[in-house]
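In the numbering used here, the protein residues as written are 625 to 762.
C-beta: ideal position from N, C-alpha, C; glycine also.
A short write-up of the structure that comes next.
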Amino acid sequence: MADVTYPAVFDGHNDTVLDLMSSDPERRRSFFEESPRGHIDLPRIRQGGFGGGIFAIYTPSPKRTGPPPKRNEYAVKLPDPLKYGPSLEHATRAFATLLDVEREAAGAVKVVRTADELRTCFEDGTVAMVLHLEGAEP
625 MADVTYPAVF DGHNDTVLDL MSSDPERRRS FFEESPRGHI DLPRIRQGGF GGGIFAIYTP
685 SPKRTGPPPK RNEYAVKLPD PLKYGPSLEH ATRAFATLLD VEREAAGAVK VVRTADELRT
745 CFEDGTVAMV LHLEGAEP
């Protein structure tokens, strides 16, 4: 459980899940160990009065190719829409990553699905993880 004094901090958006599931060893980190990377991990949650947050799940677009925009040029061609199958697979892995964190945290964090669960987390000091799909995909 987090050591929360009220009002607890509720983060309106974070990209924690991307760090937790990254294939880049320089970026990947554990949720359960304090890390100089990222902003949210269990030790710092306990130190900072973090009550919960909105944990973003999104499918990154491929790296942009071609020349960079010219100076004072604001029109940048948008990438093609992402393929449904790989996007769904990525989002499913991200959701599974947070469910793994919830399971391994042994009651310290909860993936909340309802307003009542969120309220209960605030009342008992469990860190609330609210998930959201960012963007129009998957």
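Local conformation of residue i per DSSP, three classes
i, result
"Ala718", "helix"
"Leu706", "coil"
"Ala680", "strand"
"Gly672", "helix"
"Asp724", "helix"
"Val633", "strand"
"Val641", "helix"
Beta-ladder partner(s) of residue i, from DSSP
i, result
"Phe746", "Answer is none; Phe746 lacks a bridge partner."
"Val792", "Residue 792 falls outside the range modelled here, since the chain spans only 625 to 762, and no answer is possible."
"His756", "Ala680"
"Lys734", "Ala752"
Close Cβ partners of residue i (< 8 Å) along its chain, the five nearest in sequence each way excluded
i, result
"Pro693", "Ala699, Val700"
Residues near residue i by beta carbon distance below 7 Å, same chain, minus five either side
i, result
"Ser646", "Arg652"
"Arg717", "Met645"
Cβ neighbours of residue i in the same chain (closer than 6 Å, five flanking residues each side left out)
i, result
"Pro667", "Glu658"
For residue j and residue i, believed in contact at Cβ under 8 Å, the rounded distance
i, j, result
"Arg754", "Gly675", "Sequence check: residue 754 is Val here, not Arg. The Cβ separation is near 11 Å, so there is no contact."
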